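The sequence shown begins at 5 in my numbering and counts up by one. First up is the structure itself, then whatever we jot down about it.
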Amino acid sequence: MSRTQTDRCPGVLAVHQAADGGLARVRLPGGVVRADQFDVLRTAAADLGDGRLELTSRANVQIRGLAPDAPIELSQRLFEAGLLPSMPHERVRNILASPLSGLDPDSRYDVLPVAAAVDRELCARPGLAELPGRFLFALDDGRGDLAGVRADVFVRAVDEREGLLSLGARGVRVGWSDVAEVMVATAEAFLQEREGQEWRIAELDRGEERILDRLGLQATEELPTAVSTVAAGKHGAALVVTVPLGSLSQEQSAVLAHLGQDLRVTPWRSVVVPAEAGAGLDGVGFVTDPESAWNGVTACAGQPGCAKALADVRADARRVTPRLPRHERPMHWSGCERRCGKPAGEFVDVLAVGNGYVIDGERMGTW
Ligand code: SF4
């Protein structure tokens with residue numbers, strides 16, 4: 005049995021069988037998707053799934069409720085739309101990039117072209133199809149918005165000449181012309197150093213040190229501590245639009261597709277659109293107010309999508325959130341103790357326990 009056969013991360017062909025049918029995850033390197041591609045996703049969700057598009061914590065898109073024979077048709081549609089450039093690599097194209105990259109003054113360097121280059125390099129190397137589906141690349145444009153995503157290979161822009169590459173505690177500067185090549189070489193070194201079923205560099209004994217040694221690099225620079233968040237609302241030439249619970253209805257997806265603009269999916273259940281497109285988004289349940297209680301609220305699948313769920317957490321979150329003030333911390337609703345999709349770092353933990361909820365360890369009864 006090869007390593008990838010035991011890798012349960014869903015893709016388009018290797019769908020996850022959930023209680024509500026097949027679940028397919030479509031990778032969007034850098035979170036970028038053209039309007040015509042987004043419309044292909046929208047119609048595929050309507051024709052083959054339950055109609056909704058789910059945004060994930062890795063800025064990907066999921067379609068649920070697929071019939072057993074749907075993945076073949078889905079993969080054909082996505083291949084024709086350019087969303088599956090390499091079938092063997094479809095589950096390993098996990099590349100995050102700062103979603104406001106190049107669009108506002110805090111962006112030190114536009115990392116999106118680098119993310120596209122990493123994707124091309126990845127897909128060009130057959131051996132990298134063996135990467136675990138959890139292995140994550142991230143490119144931060146310097147603001148620190150991706151500092152908390154726990155990437156395996158992380159590059160944070162220093163300036164227009166260099167990025168700081170890190171696999172853990174410290175970093176090494178790399179010129180932008182070499183960054184894509186070095187990131188992919190790091191993934192190859194991980195596969196060479198991997199001994200068993202380690203999914204991430206952090207799981208490999210002295211992984212950071214061994215991989216850097218293999219690449220002939222020395223990471224000696226302290227990592228910047230500054231982090232930032234990307235709130236809903238206008239940022240320079242961009243508008244960040246929060247999608248409540250990251251679940252797009254057909255109506256919402258159609259509105260986004262009909263903007264006719266490239267979209268950037270963020271890891272925070274929001275979408276970046278050009279600022280001038282804002283007027284076209286009214287009235288379908290999007291959130292552009294940075295003070296809205298919906299910002300930072302996430303939920304696992306819950307009932308009926310997950311057989312383990314003790315509650316329909318999404319329905320409960322939809323009912324309760326409009327009555328709540330905005331929380332400082334993100335809030336995550338979970339149908340059981342696995343807490344799938346929970347945010348990195350601290351969060352308000354809303355846990356279903358069968359006959360009510362426990363919030364941050366305190367029982368709240370029913371809502
Ligand atoms: S947290 Fe539990 S209920 Fe929610 S999706 Fe994961 S396994 Fe299912």
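Beta carbons are placed, not taken as given, at the ideal position from N, Cα and C, and that holds for glycine. Predicted model only: the values in this text are computed from it and were never measured.
Proximity winner among the options, relative to residue i (alpha-carbon distances)
i, options, result
"E295", "L82, A315, R97 and P329", "P329"
"L126", "G309, P89 and D24", "P89"
"R2", "D320, L171 and D145", "Within the shown structure, residues of the chain are numbered from 5 to 371, placing residue 2 beyond reach of any answer."
"E166", "A48, E134 and W180", "W180"
"R81", "V44, T270, A189 and R56", "V44"
"R342", "P228, G306 and E212", "G306"
"G289", "E255, G25, R46 and T190", "E255"
"Q41", "A193, E77 and D266", "D266"
"G106", "V118, I99 and V96", "V118"
"E164", "D145, A63, R174 and G152", "D145"
"G137", "S102, I205, A184 and L168", "I205"
"A223", "T233, A242, G211 and V234", "G211"
"A101", "E94, Y113 and M91", "Y113"
Close Cβ partners of residue i (< 6 angstroms) along its chain, the five nearest in sequence each way excluded
i, result
"D293", "none"
"Q304", "Note on residue identity: the sequence assigns Cys, not Gln, to residue 304. S338, G339, C344 and G345, listed in sequence order."
"R214", "E197"
"W203", "P136 and R138"
"H20", "P14 and L27"
Beta-carbon spacing of residue i, residue j below 9 angstroms
i, j, result
"G86", "R68", "no"
"P75", "L17", "yes"
"V276", "L104", "yes"
"P228", "G148", "yes"
"L263", "A281", "yes"
"A28", "L70", "yes"
"A311", "A22", "yes"
"A189", "L219", "yes"
"D73", "G309", "no"
"G55", "R31", "no"
"A269", "N64", "In the sequence under discussion, the amino acid at residue 269 is Val, which differs from the Ala named in the question. In this structure, N64 lies closer than 9 angstroms to V269 by Cβ."
"L249", "R129", "no"
Contacts around residue i, its chain only, beta-carbon distance under 7 angstroms, and the 5 residues preceding and following it disregarded
i, result
"T8", "Confidence in T8 is poor, its pLDDT being 43 and thus under 50, which makes the residue's placement unreliable; the coordinate value appears in the next sentence. Within the same chain, T8 has close Cβ partners E134."
"S274", "A236, V244, V245, T246 and V247"
"L221", "V176"
"M187", "V122, F141, V157 and V159"
"M5", "Model confidence at M5 stands at a pLDDT of 37, short of 50, so the residue's coordinates are unreliable; what they give is reported in the following sentence. Once the five neighbours on either side are set aside, M5 has no close Cβ partner at all."
"S232", "R147, G148 and D149"
"R373", "Outside the displayed span of the chain (5 to 371) sits residue 373, for which this structure offers no information."
"R174", "A223, T224, E225, E226 and L227"
"T325", "A297, W298 and V301"
Per DSSP, cross-strand counterpart(s) of residue i
i, result
"K238", "L243"
"V37", "L267"
"G25", "A22"
"W337", "A303 and V354"
"L70", "G26"
Residue i CB to nearest heavy atom of ligand 2 below 8 angstroms
i, result
"C127", "Questions concerning ligand 2 fall outside what the structure shown contains, since the ligands it does hold are ligand 1."
Residue-chain proximity (residue i, chain D), Cβ-Cβ < 9 angstroms
i, result
"R343", "Protein chains in the displayed structure number just one, and chain D is not present."
Same chain, Cβ closer than 8 angstroms to residue i, five either side skipped, listed in chain order
i, result
"L216", "L171, V176, Q222 and A223"
"M368", "G360, Y361 and V362"
Could you give the uninterrupted runs of the alpha helix (DSSP H) lying entirely in the stretch 88-125, keeping only those of 4 residues or more? none
Ignoring anything shorter than 4 residues or poking outside the stretch 249-293, list the alpha helix (DSSP H) runs there in chain order. 254-261
Where are the beta strand (DSSP E) runs, 3 residues long or more, that stay fully inside the stretch 133-176, in chain order? For the stretch 133-176, whole beta strand (DSSP E) runs of length 3 or above, ordered along the chain, are 141-144, 157-161 and 166-170.
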